[in-house]
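Protein chains in written order, with the working numbering: chain A, 1 to 290; chain B, 1001 to 1377; chain C, 2001 to 2241.
Glycine included, C-beta positions come from ideal geometry on N, C-alpha and C.
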Amino acid sequence: MNIIPQIVANSLIAGSIYALIALGFNLVYGATRFVNMVPGALAAIGGYTVFFLFNRLGLNIYFSVIAGVVVAGFFGYLSDRLVFRKLRSHKASNLVSFVASLGIFTMLQALISILFTSQFQSVLSVTENPKTYQILGATFTWVQGLIFITSIAAFVSLALILKKTSFGKAVRAVSDDEEVSKIIGINTNRLISWIFFIGSCLIGLSGIFIGFDIGINPTMGLFIILEGATASIIGGIGNVYGGFLGAFLLGFVENFGILKIPGEWKPAIAFGLLILFLIFKPEGIMNKKK
Amino acid sequence: MSKTVKIVIWLVVIVIVIAIGASLSKKGSNPDTGTGPIKIGFIGPLTGDTAGIGENVRAAVEVARDEINAAGGVNKRQVEVIFEDGQCDPKAAANAGNKLVSVDKVVAIIGGLCSSETLAVAPIAEQAKVPLISDASTNPKITDAGDYIFRFVPSDLFQGKFDAEYIMNTMKKSKVGILYCLSDWCTGIKDVFKQNFASSGTVVDEEGYQQDARDLRSQITKIKAAKPDVIYFLGYSEASIVGLKQLQELGVKTPIFGGDAWDDVKIAEGAGKAANGAMFSVTASSKYPQSFIDAMTVKKADKELNNYSGRGYDILKVLADIIGRVGVDSTKIKDELYKVKDYQGIGDTYTLDAKGDLATANYSVKKFQDSKIVLVQ
Amino acid sequence: MNKETLLKIENLHVHYGGVKAVDGVSIEIDEGEIVALMGPNGAGKSTVLKSIFGLAPINAGKILWHEKTIKPVSHEIVKMGLAFVPQGRRVFTHLTIEENLEVGGFVIKDKSLVKNRIAEVMDIFPVLKHKRKNKSGSLSGGEQQMLAVARGLMVDPKVLLLDEPSLGLAPKIVKEVFEKIHEINQKRQTAIMVVEHNIKSLLGIAHRAYVLDKGQVVITENHPKSLMTGDRLEKVFLGKI
């Protein structure tokens, strides 16, 4: 049996999840220019909100997902409003912002562990067999198909917003030059808060999808950050298109890589790619060398 | 640096200093002086993966302790069990072992549960001359882990052989694909299995995964492509739940066989229909006496009764008996442990060999059906 | 001629962590005039402009717009009709020329007005017309400077502040830039304050000039051309006044 179609399918699914992470990560990085660890916790918050509403309280799945996305977005917004905006106004260095983000990330993760225990949890029901589809010799579940479609839709929507709307152009202006954006009349603090909210919603959604596809546990954030950061750096950090490309590239390299390498080396592949790019092409595929 | 940032940094420093101070000032207990409670340690996964099994064994040990103390204790002293969380992780277990040995100064330790825990604590217990008796660790390496290392569960030299023979002779399969975790237990039993399976079958593919991996699709894809007629799937609870679901998602219809770590109701419930029909070996155990089941029901632990809970109970009872006869000297306790012969506990009948292992082993086969575990033979 | 004073800075003090960058500066700009603000490096010229836009902290003094004191909130100033083209061109490099101009009209609610303005400013700077779809990061230094000024004009400001528009440009391009400044002033009656280091050619188009040194106004001149000869300017730059 030719396993190539299945590996392609696995790559696309992994890439879709990484793409959502990279989209959110790049949006925020473009505007704030420091490595932010909080998205790791936000993905877990998204997943756990759905788990709490859907699994524990038995609420409707669509409502739970929307709530999960919004809650994650809200926490991201809060992190800007309460912490990062103040650091920006004091002209704190990127290192300080990174350390602050690390603190917030650790705190939120600990909070989730306390509320939900550190056990790994499944989100979707296990009493029914999932509907699976077969295309060209590859098998995938309807959830995986949904993840793929949503990821593409998110990317297209975001690209259109950035390119066509005045909000989107303002976002791009702020990520080019925050000070000049203020001068021409953009309320940059408010805009950046929106950027945090939208980016965090995307990341919360990625956590929800991971929950559906595999499951959730409080420390899932580290994995999210590793894959998201790698995808973003490969594609070109701060570049929305680059992040999307890098995400799928990462998915393909990881899944095709284990054809030859033992499966337990999969996480090492992400690290390896990251280091390769940092050494040879740190600006990523889509960015021009400064 | 702005004021806000400075304040935050100082707060963090203060918190760290207080935490260090608090942990240093915790008084180390005195060695056993012959009065006060007899201290026995316990190491097992109370959180994380496999906590379902660990918590159940803990409850069983508590039941044994309560019975002993209600009957007057040992040598008119109460028995106190100090429970530490090994997290099925060598580092956490080693820390737990160090604490029990140097701070609490226990006279014996029940544990670890996971083989990785036991192997990590063994050198510590051996050096401190504190007997370590495991209720569930089956890795073959434990046999030679030390003079003070014992176990009330058979080595996987038996289980790997049993699994291979069952698959070859009873299931009549000859092409196996192995999916195994990279922990001591998984690799140990896998190696024994392979040695025994080579006689009349072939291993068509072998895929490892990190114990904490939660996405096994790549490995499953490769195994599926090798077209085995049976899949030998070794893993602890969380990865097994994920793996069983992903095997089903990827359309794998091959029969699945696992090891004794699958004796966890959480897997049956977590994997649901995806686990239907999957079988696994466990050490054969007699039916637990009703009094034990009742005591566990009081502790709300009756739903997740597993094979090891009875062994944990038995270990504490044996220790109480030994201490009652020879006192709390660890070397004397160790010598008496080697003499355990035909002890009829609630979990098994135990005879220890010269290496501190069980001399014989009997296995049953169970399977998952409709979110439950049922006996096959 | 009774011209209205549009922008007035009264006794401004800006202290940056112990350094008195601006130490009691009072300057003003009236309708339709070009005012030159010159002086050596560190004289405080850029800081004066930045403080109007809330980008430098004001310790004392007032800023008045149409005789009313204002509190500088960075993104609110441009709505009043006051535009700032800061030092170093600073176009949005990832945006095209057209997008730079669009975003320059961010505060204009009527988007069709924005479109018209873009056509207008492209008439003033024809070089931008041909490259309108190009990313502004690919333009030459002079073209970027034109774009930055054009972006500032998008709000049709009453007062335009330019901070060292000649910086890093070849003399020929500097000449073109100053010609454009003159043209904008003549055609649109825009009042323009130009901060420059030491460009005598600026004095040829200015109506008035201030010279700053060490945070204070040392020369106020209503006939700027007279500074182009003699050595009064040189004395300031050599620290002799």
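- Every beta strand (DSSP E) of 3 residues or more that sits fully in the stretch 2011-2077 of chain C is shown, in chain order, as 2019-2030, 2034-2038 and 2060-2065.
- Between the alpha carbons of Ala2206/C and Val2035/C lies a distance of about 5 Å.
- By the Cβ neighbour-count rule, Phe197/A is buried, with 16 or more other Cβ atoms within 10 Å of its own.
- Taking a cut-off of 8 Å for Cβ pairs, the stretch 2040-2058 of chain C and the stretch 2100-2115 of chain C do not touch, as fewer than three such pairs fall below it.
- In terms of CA proximity to Arg172/A, Leu2095/C leads the group Leu2238/C, Val2078/C and Leu2095/C.
- Residue pairing of Cys1181/B in beta bridges, as defined by DSSP: Tyr1209/B.
- Judged by DSSP in its simplified three-state form, Ser1134/B adopts strand.
- In summary, Lys2187/C is exposed, with fewer than 16 beta-carbon neighbours lying within 10 Å of its beta-carbon over all protein chains present.
- Contact between Arg1077/B and Gly1036/B holds: their C-beta atoms lie close to 7 Å from each other, under 8 Å.
- Counting the other CB atoms within 10 Å of its CB gives Leu23/A a total of 16 or more, which places it among the buried residues.
- Judged by DSSP in its simplified three-state form, Val2218/C adopts strand.
- One alpha carbon belongs to Ser1330/B, the other to Lys1039/B, and they sit about 12 Å apart.
- Gln1290/B sits in a helix when the DSSP states are folded into three classes.
- A straight-line Cα-Cα distance of about 33 Å links Val2091/C and Ile275/A.
- In the structure shown, the three-state DSSP call for Ala2209/C is strand.
- Straight-line measurement puts the Cα of Gly2088/C at about 9 Å from the Cα of Gln2144/C.
- For Thr141/A, the enclosing beta strand (DSSP E) begins and ends at Ala138 to Thr141.
- Within the stretch 2061-2087 of chain C, Ser2074, His2075, Val2078, Lys2079, Phe2084 and Pro2086 place their CB atoms closer than 7 Å to a CB of chain A, listed in sequence order.
- Proximity of chain A to Phe2053/C at the Cβ level (cut-off 7 Å) is accounted for by Ile183, in chain order.
- Below 8 Å, too few C-beta pairs join the stretch 1167-1178 of chain B and the stretch 1126-1137 of chain B to call them touching: fewer than three.
- Using a Cβ-Cβ distance cut-off of 8 Å, the stretch 1296-1306 of chain B and the stretch 1116-1130 of chain B are not in contact, since fewer than three pairs of beta carbons, one from each stretch, lie closer than that value.
- For Lys1372/B, the uninterrupted beta strand (DSSP E) segment begins and ends at Lys1372 to Leu1375.
- Given a length threshold of 3 residues, each whole run of the beta strand (DSSP E) inside the stretch 1279-1340 of chain B is given here in chain order: 1279-1283.
- In terms of CA proximity to Gly2215/C, Val2236/C leads the group Leu2101/C, Arg2208/C, Val2236/C and Leu2006/C.
- Considering only beta carbons, the part of the stretch 1215-1240 of chain B lying closer than 8 Å to chain A consists of Asp1215, Leu1216, Arg1217, Ser1218, Gln1219, Thr1221, Lys1222, Lys1224, Ala1225, Lys1227 and Glu1238, in chain order.
- The beta-carbon of Thr141/A is placed less than 8 Å from the nearest beta-carbon of chain B.
- Every alpha helix (DSSP H) stretch that sits fully inside the stretch 36-111 of chain A and reaches 4 residues is listed by chain position as 38-50, 61-78 and 85-89.
- Look at Glu1249/B: its C-beta is under 8 Å from a C-beta on chain A.
- The beta carbons of Asp1314/B and Phe1152/B sit closer together than 8 Å.
- Going by DSSP, Ile1040/B is part of the beta strand (DSSP E) stretching over Ile1038 to Gly1044.
- As a beta-bridge residue in DSSP terms, Val2195/C pairs with Leu2037/C and Asp2163/C.
- Between Leu202/A and Val174/A, the C-beta gap is not smaller than 8 Å, which leaves the two residues out of contact.
- In the same chain as Ile104/A, and ignoring 5 residues on each side of it, the C-beta atoms closer than 6 Å to its own belong to Val38 and Ser79, in chain order.
- In this structure Leu1250/B does not touch Ala1278/B by the C-beta definition: roughly 15 Å separates them, more than the 8 Å allowed.
- In the structure shown, Ile1256/B adopts extended strand secondary structure according to DSSP, grouped into three states.
- By the C-beta criterion, the stretch 113-125 of chain A is judged not to be in contact with the stretch 224-241 of chain A, since fewer than 3 inter-stretch pairs fall below 8 Å.
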